[in-house]
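Number of protein chains: 2
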Amino acid sequence: MKPRVGHIQFINCFPLFYGLIEKKFLLEIELIKGNPTDLNRMLAGNLLDLAPIPSIAYARNYRDYVLMPDISVSCDGEVKSIYLFSRLPIERLHNKKIALTNISRTSQALLRILMARCYNIAPEYFQSAPELGAMLMEADAALLIGDDALRARYKTRDRLYIYDLGQEWKNFTGLPMVFAVWAIRRDFAHNHRDELKLIRDTFTDSIKFSLECIQDCAAKASQWEDFSADYLVEYFNSLRFDFDPRKQEGLLQYYKEAKNQGIIDEVPPLEIIDL
Amino acid sequence: MKPRVGHIQFINCFPLFYGLIEKKFLLEIELIKGNPTDLNRMLAGNLLDLAPIPSIAYARNYRDYVLMPDISVSCDGEVKSIYLFSRLPIERLHNKKIALTNISRTSQALLRILMARCYNIAPEYFQSAPELGAMLMEADAALLIGDDALRARYKTRDRLYIYDLGQEWKNFTGLPMVFAVWAIRRDFAHNHRDELKLIRDTFTDSIKFSLECIQDCAAKASQWEDFSADYLVEYFNSLRFDFDPRKQEGLLQYYKEAKNQGIIDEVPPLEIIDL
Numbered sequence: 008m009k010p011r012v013g014h015i016q017f018i019n020c021f022p023l024f025y026g027l028i029e030k031k032f033l034l035e036i037e038l039i040k041g042n043p044t045d046l047n048r049m050l051a052g053n054l055l056d057l058a059p060i061p062s063i064a065y066a067r068n069y070r071d072y073v074l075m076p077d078i079s080v081s082c083d084g085e086v087k088s089i090y091l092f093s094r095l096p097i098e099r100l101h102n103k104k105i106a107l108t109n110i111s112r113t114s115q116a117l118l119r120i121l122m123a124r125c126y127n128i129a130p131e132y133f134q135s136a137p138e139l140g141a142m143l144m145e146a147d148a149a150l151l152i153g154d155d156a157l158r159a160r161y162k163t164r165d166r167l168y169i170y171d172l173g174q175e176w177k178n179f180t181g182l183p184m185v186f187a188v189w190a191i192r193r194d195f196a197h198n199h200r201d202e203l204k205l206i207r208d209t210f211t212d213s214i215k216f217s218l219e220c221i222q223d224c225a226a227k228a229s230q231w232e233d234f235s236a237d238y239l240v241e242y243f244n245s246l247r248f249d250f251d252p253r254k255q256e257g258l259l260q261y262y263k264e265a266k267n268q269g270i271i272d273e274v275p276p277l278e279i280i281d282l
Numbered sequence: 008m009k010p011r012v013g014h015i016q017f018i019n020c021f022p023l024f025y026g027l028i029e030k031k032f033l034l035e036i037e038l039i040k041g042n043p044t045d046l047n048r049m050l051a052g053n054l055l056d057l058a059p060i061p062s063i064a065y066a067r068n069y070r071d072y073v074l075m076p077d078i079s080v081s082c083d084g085e086v087k088s089i090y091l092f093s094r095l096p097i098e099r100l101h102n103k104k105i106a107l108t109n110i111s112r113t114s115q116a117l118l119r120i121l122m123a124r125c126y127n128i129a130p131e132y133f134q135s136a137p138e139l140g141a142m143l144m145e146a147d148a149a150l151l152i153g154d155d156a157l158r159a160r161y162k163t164r165d166r167l168y169i170y171d172l173g174q175e176w177k178n179f180t181g182l183p184m185v186f187a188v189w190a191i192r193r194d195f196a197h198n199h200r201d202e203l204k205l206i207r208d209t210f211t212d213s214i215k216f217s218l219e220c221i222q223d224c225a226a227k228a229s230q231w232e233d234f235s236a237d238y239l240v241e242y243f244n245s246l247r248f249d250f251d252p253r254k255q256e257g258l259l260q261y262y263k264e265a266k267n268q269g270i271i272d273e274v275p276p277l278e279i280i281d282l
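One line per chain: the protein sequences are G and Y, in this order. Quick note: the first sequence, position 66, residue 73 per my numbering, numbers continuous. Quick note: the second sequence, position 102, residue 109 per my numbering, numbers continuous.
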């Protein structure tokens, strides 16, 4: 059976997809698309062999998984797709209501960490469907991620304070932030080392290819979206797809902070398979 | 939004997929895989814009759809993947039990037509999961289709009588048999003529490409399957992917026979969109 590989159907993973098409790699793997939360559930249920999952999900299920080397969805400063949109300067959000997109636990945790640790303030959080207008009817600020955040940033003409959580994390820790990691089911990993090596090589080659012809890649991504190609070039350039030691350090720091906030029970080891 | 296009995840549609990968067409459409019955349900539920669906499903829902020209899954004689496996010669199956794969209504109807009209016999039919061994524990004959039928034909060493329903239909009518047609939602068809033209052109080019390099295509298809490449070359060569006037005639003849057997209420018009 072909390896069953999850794929995040957000624009942030388009450079990977674009390269996989170029390399005709969908003849070698079964690529199953979904949002990170769905992929996490499918991986846990053995409907996938490996998948990008939210960083926080790895912390909660690490015993069942090992990590793919050399690939992640990260940033090192601005991420341009995880924003707090606020009617007030962030310092004045103490005791105010913040609506959190209900599709990301990793970013929710990141916001809580930053609020508690950088700004020393305690807003009142509640979860909401990711629609900025509706969120700001009920709250003073709203957290959006992914395509929702990109769109809101691109379209919103309201006078809002906008905070990029990748940049906030960088200011706080000096480190990159890792949003998603590629987790491999432990049982699969032990019996499919050759396939995993091929997948790792093709994934890193695919991203390299797309970043080398980033204008073409962005033009194709913009074809069915509301964004200009130029905007997507900027966006893709702000993302990081590798998983080098600094990314790993950033991820462990995030886990430590999340544990201190009581969001996860323990800091998981980063068990990266050696391919 | 990219056109949402269904794809039959059977080996019989691999030549189409292989060509789509070669032409990098998955950057232009959202390809959603499934079996024909699932695709039919998703198309009806507006989760897809167009999809290959079983011929019998088109007859039941034709008011909502128009047909894509120039493409079908058909045969003109042997189909090599729709078999009746029988312990007895077919003429002796009167009043005997026949287990029918529960994943195909089109082939079930075809078998009923052939039994009634060619052999003038009335077996007792019941539906079953598509597993030959289990089916033949409870029945004297079993109908399998698609990959199940291919596998059973390839592996079975039992002494069984094997009837190819494509060939039986050809013997009976002199006509091709059409198993699946590409149906387009009527609302989508009227507003997306340019996309549909591109899809039609790319689909027919893709199949042409794959049949021209059929050894490579079959080798790739056999990589994750139990079949040899040579077996798949033979199989692909027995299939027909066009939808010429003879195929249309065969399809209408099938609908007439199905109506006479009380399987469908009316013979639907073949409303093929002019692209």
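Ideal Cβ positions, reconstructed from N, Cα and C, are used throughout, including at glycine.
Residue i CB to nearest chain G CB: under 8 angstroms?
i: residue 202 (chain Y); result: no
i: residue 91 (chain Y); result: no
i: residue 162 (chain Y); result: no
i: residue 184 (chain Y); result: no
i: residue 231 (chain Y); result: yes
Quick check on the burial criterion: 16 or more other C-beta atoms within 10 angstroms. Buried or exposed for residue i?
i: residue 269 (chain G); result: exposed
i: residue 35 (chain Y); result: buried
i: residue 231 (chain Y); result: exposed
i: residue 90 (chain G); result: buried
i: residue 186 (chain Y); result: buried
i: residue 255 (chain G); result: buried
i: residue 200 (chain G); result: exposed
i: residue 293 (chain G); result: Absent from the model: residue 293 (chain G). The displayed extent of chain G is 8 to 282, so no value can be given.
i: residue 119 (chain G); result: buried
i: residue 276 (chain G); result: exposed
i: residue 219 (chain G); result: exposed
i: residue 235 (chain G); result: exposed
i: residue 141 (chain G); result: exposed
i: residue 204 (chain G); result: exposed
i: residue 264 (chain G); result: buried
i: residue 47 (chain G); result: buried
i: residue 19 (chain Y); result: buried
i: residue 8 (chain Y); result: exposed
i: residue 110 (chain Y); result: buried
Could you confirm whether any beta carbon from chain Y is found closer than 8 angstroms to the beta carbon of residue i?
i: residue 157 (chain G); result: no
i: residue 144 (chain G); result: no
i: residue 75 (chain G); result: no
i: residue 9 (chain G); result: yes
CA-CA distance, residue i and residue j?
i: residue 136 (chain Y); j: residue 278 (chain G); result: 42 angstroms
i: residue 261 (chain G); j: residue 106 (chain Y); result: 58 angstroms
i: residue 272 (chain Y); j: residue 68 (chain Y); result: 11 angstroms
i: residue 124 (chain G); j: residue 94 (chain G); result: 21 angstroms
i: residue 62 (chain Y); j: residue 133 (chain Y); result: 21 angstroms
i: residue 146 (chain Y); j: residue 138 (chain Y); result: 12 angstroms
i: residue 245 (chain Y); j: residue 183 (chain Y); result: 11 angstroms
i: residue 247 (chain Y); j: residue 215 (chain Y); result: 11 angstroms
i: residue 174 (chain Y); j: residue 88 (chain Y); result: 11 angstroms
i: residue 104 (chain Y); j: residue 144 (chain Y); result: 11 angstroms
i: residue 257 (chain Y); j: residue 207 (chain Y); result: 21 angstroms
i: residue 202 (chain G); j: residue 73 (chain G); result: 15 angstroms
i: residue 86 (chain G); j: residue 227 (chain Y); result: 39 angstroms
For residue i, go through chain G and note every residue whose CB falls closer than 8 angstroms to its CB, in chain order.
i: residue 28 (chain Y); result: 28, 31, 33 and 34
Using a C-beta to C-beta distance shorter than 9 angstroms, which residues of chain Y count as neighbours of residue i?
i: residue 49 (chain G); result: The contacting residues do not exist; residue 49 (chain G) stays about 15 angstroms from chain Y at best.
At 7 angstroms on the CB atoms, spell out the chain G contacts of residue i, in chain order.
i: residue 227 (chain Y); result: 34
I want to verify the contact list: residues of chain G whose CB lies under 9 angstroms from the CB of residue i, in sequence order.
i: residue 215 (chain Y); result: Chain G residues near residue 215 (chain Y): none, gap ~18 angstroms exceeds 9 angstroms.
request  = Return the residues of the stretch 114-136 of chain Y that lie within a Cβ-Cβ distance of less than 7 angstroms from chain G, sorted by chain order.
outcome  = Sequence-ordered contacts of the stretch 114-136 of chain Y with chain G are nonexistent [C-beta pairs closer than 7 angstroms].
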